[in-house]
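Beneath this line is the structure, given in structure tokens, with notes to follow.
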Amino acid sequence: MSIVKIYSAIVAMVLAGAALANEVAFTGVNVLTMHDESVLADQTVLVSGDRITALGPRDQVGVPEGATIIEGRGQYLLPGLAEMHGHTPVPQGDVDHPLVADMMFLYIANGVTTVRGMLGARGQLELRRRIRDGDMEGPSLFLAGPSFNGNSVSSPAQARQKVRQVVEQGWDLLKVHPGLTRGEYDAMAEEAHRLGIRFAGHVPEDVGLNHALSMGQDTFDHIDGYLQQLGYPEHELNQESLRDLAVRTRDSRAWVVPTMVLWDHLIGLGDPAELSQWPELKYWPSSQVETWERRQQASYSSDKLATRRAYSGARSRVLAMLDDVGAGILLGTDSPQVFSVPGFSIHREMAAMVNAGMSPYAVLRSGTSNVGHYLQGVAAVGVIAPGMRADLILTPSNPMHGLETLLENRGVMVRGRWYDQAEINARLKGLADRIRRGEKR
24 MSIVKIYSAI
34 VAMVLAGAAL
44 ANEVAFTGVN
54 VLTMHDESVL
64 ADQTVLVSGD
74 RITALGPRDQ
84 VGVPEGATII
94 EGRGQYLLPG
104 LAEMHGHTPV
114 PQGDVDHPLV
124 ADMMFLYIAN
134 GVTTVRGMLG
144 ARGQLELRRR
154 IRDGDMEGPS
164 LFLAGPSFNG
174 NSVSSPAQAR
184 QKVRQVVEQG
194 WDLLKVHPGL
204 TRGEYDAMAE
214 EAHRLGIRFA
224 GHVPEDVGLN
234 HALSMGQDTF
244 DHIDGYLQQL
254 GYPEHELNQE
264 SLRDLAVRTR
274 DSRAWVVPTM
284 VLWDHLIGLG
294 DPAELSQWPE
304 LKYWPSSQVE
314 TWERRQQASY
324 SSDKLATRRA
334 YSGARSRVLA
344 MLDDVGAGIL
354 LGTDSPQVFS
364 VPGFSIHREM
374 AAMVNAGMSP
384 YAVLRSGTSN
394 VGHYLQGVAA
404 VGVIAPGMRA
414 DLILTPSNPM
424 HGLETLLENR
434 GVMVRGRWYD
444 QAEINARLKG
454 LADRIRRGEK
464 R
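Note that the working numbering has the sequence shown beginning at 24, numbered continuously upward.
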């Protein structure tokens, strides 16, 4: 045997030993692979390290000796969800600030195993590194850099320079905010394409959605750009024009992150007295919740509710059309923003997407397999198959028959690390108790 073959054999033995030390088997479980709507009954799913290594009928897949067995009979296993327009604030750039660890756990507790952070700031790259290296728990992070907007960019040359700076610093994509001129936007887009970095977010008024589509913007977040392009609310939505714009979005292979619930709050929908009773607020710092309450009280006005409901309905019509023509939709909530507690906001967003006309499967796809397509070449996520990252949620019933089962998950796996329901519930209770003791509302 050659030296190379001997060395390869030794490496294989070492890797096998390391894998066996962290083997997990889900047995007898019903699997939603998210390749399609089918459910594979009575399956065994094997995990080694941070990867899925096998999937098959329970009587055909052996469980390695010493593996941790998670009995899943009668339960459902699906890929972990993604928050595709989230934020990962790091107070004062201090990754060790207690809020950071609490926020990362809230995502995990709700089955959110990937977060696309959409506004870069100090400390976030260090947070991403620590999570990636296993020094800190949390969902895998895909991070936009500091904002491109009317205040941060004042010329096409500066736009190009800022793109280069974001790439050099190691961010994953560019964040677009309002305020850019068309010349500045085009310079940013051209430099981004040249350097191979994505750009995503809002649509500057001077640019317009059609032009942004032609320039290859990656995602369009919040749907506001669609209503502006269609002239709403000055003009009623024209169904034919809306369909044409949705088809163009699909054909451009762009993605849309709707953030339905947050936008209702931002336009002043939602009775602040009712929102203040949401149970998940006990997991978020009281001082910030009180700020949300004050803001909502200031924006809520019963005499303008009809107009605001019409605007919300127009956003739902846009989302329904995008879904109808097969445009790419990604799940996101803009958390933590007004009444959007990390992780918990995902469940409210999914309910809103169903209310807008999407099927439960289409909503699940927006947070799983669609994310895998979006991150293809960056991360192997979004479906259950050998070789994919072991990001998983175990639920008591089929989520395609009721998405609320995701709130009662039996456990979450993040890169091969299993959090069972007892641990999640105990840690949530501890967090709520700590907030109640430390901050009186």
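Don't be surprised by glycine CBs; every beta carbon is placed ideally from N, CA and C.
The structure presented is a predicted model; accordingly, all values stated were derived computationally and were not measured.
Distances from the CA of GLU263 to each of VAL348, SER335, LEU354 were compared; the closest alpha carbon is that of VAL348. Taking the Cα of ILE369 as reference, the smallest distance to any Cα among GLY390, ASN45, PRO295 is reached at GLY390. In the DSSP assignment, VAL270 falls outside any beta strand (DSSP E) and within the unbroken alpha helix (DSSP H) covering 262–274. Residue state for ASN53 is assigned as strand, using DSSP reduced to three classes. The C-alpha of SER178 is placed about 42 angstroms away from the C-alpha of ALA374. The shortest CA-to-CA distance from MET436 to any of TYR130, ARG331, MET423 is the one to TYR130. Taking ASP117 as the centre and dropping the five residues before and after it, the same chain places the C-beta of GLY146 closer than 7 angstroms to its C-beta, in chain order. Beta-bridge partners assigned by DSSP to GLY390: none are found. Taking 8 angstroms as the upper bound for CB-CB distance, LEU55 and VAL62 are in contact here, some 6 angstroms apart. In the three-state scheme derived from DSSP, where H, G and I count as helix and E and B as strand, THR111 is classed as coil. In this structure, the CA atom of ARG221 is about 38 angstroms from the CA atom of LEU328.
Close CB contacts of ILE246 within its chain, under the 6 angstroms cut and outside five residues either way in sequence, are with PRO281, ARG338, VAL341 (chain order). Three or more Cβ pairs closer than 8 angstroms define a contact, and the stretch 253–269 falls short of that threshold against the stretch 83–94.
In this structure, LEU203 keeps its C-beta atom at 9 angstroms or more from the C-beta atom of PHE243. Following the DSSP letters along the chain, one finds PHE367 in no beta strand (DSSP E) but inside the alpha helix (DSSP H) bounded by residues 367–378. The three-state reading of DSSP puts ARG152 in helix, counting H, G and I together. Leaving aside the five residues that flank SER420 on each side, the residues in its chain whose CB is nearer than 7 angstroms to its CB run, in chain order, TYR99, THR428. In this structure, THR356 and GLU106 form a Cβ contact; the two beta carbons are roughly 6 angstroms apart against a cut-off of 8 angstroms. DSSP places ARG433 in no beta strand (DSSP E); its state is neither H nor E. Counting only unbroken stretches of 4 or more residues, the alpha helix (DSSP H) elements lying wholly within the stretch 184–271 are 205–218, 232–237, 247–252, in sequence order. Note on geometry: alpha-carbon atoms of ALA223 and ALA296 lie some 35 angstroms from one another. DSSP links ASP414 through a beta bridge to no other residue. Across the structure, GLN251 and ALA64 are spaced so that their CA atoms are roughly 46 angstroms apart.
One thing to note: PRO227 has its Cβ no nearer than 9 angstroms to the Cβ of VAL189.
The residues LEU236, in chain order, have a CB closer than 7 angstroms to that of ARG271 in the same chain once the five nearest residues on each side in sequence are set aside.
For TRP278, the enclosing beta strand (DSSP E) has its first and last residue at 278–280.
Counting only the Cα atoms, GLY161 lies some 9 angstroms from LEU150. Spatial neighbours of ARG139 in its own chain (CB-CB distance under 6 angstroms, excluding positions within 5 residues in sequence) are listed in chain order as MET107, PHE165. Scanning its chain for C-beta atoms nearer than 6 angstroms, with the 5 sequence neighbours on each side dropped, one finds around SER392 the residues MET57, GLY405, VAL406, in chain order. Under the three-state reduction of DSSP, GLN66 is assigned to strand. The beta carbon of ALA182 is closer than 8 angstroms to those of PHE171, VAL176, LEU203, GLU207, TYR208, ALA210, MET211, GLU214 in its chain, skipping five residues each way along the sequence. Under the three-state reduction of DSSP output, VAL176 falls in the coil class, being neither helix nor strand.
For PHE171, the enclosing beta strand (DSSP E) stretches over residues 163–171.
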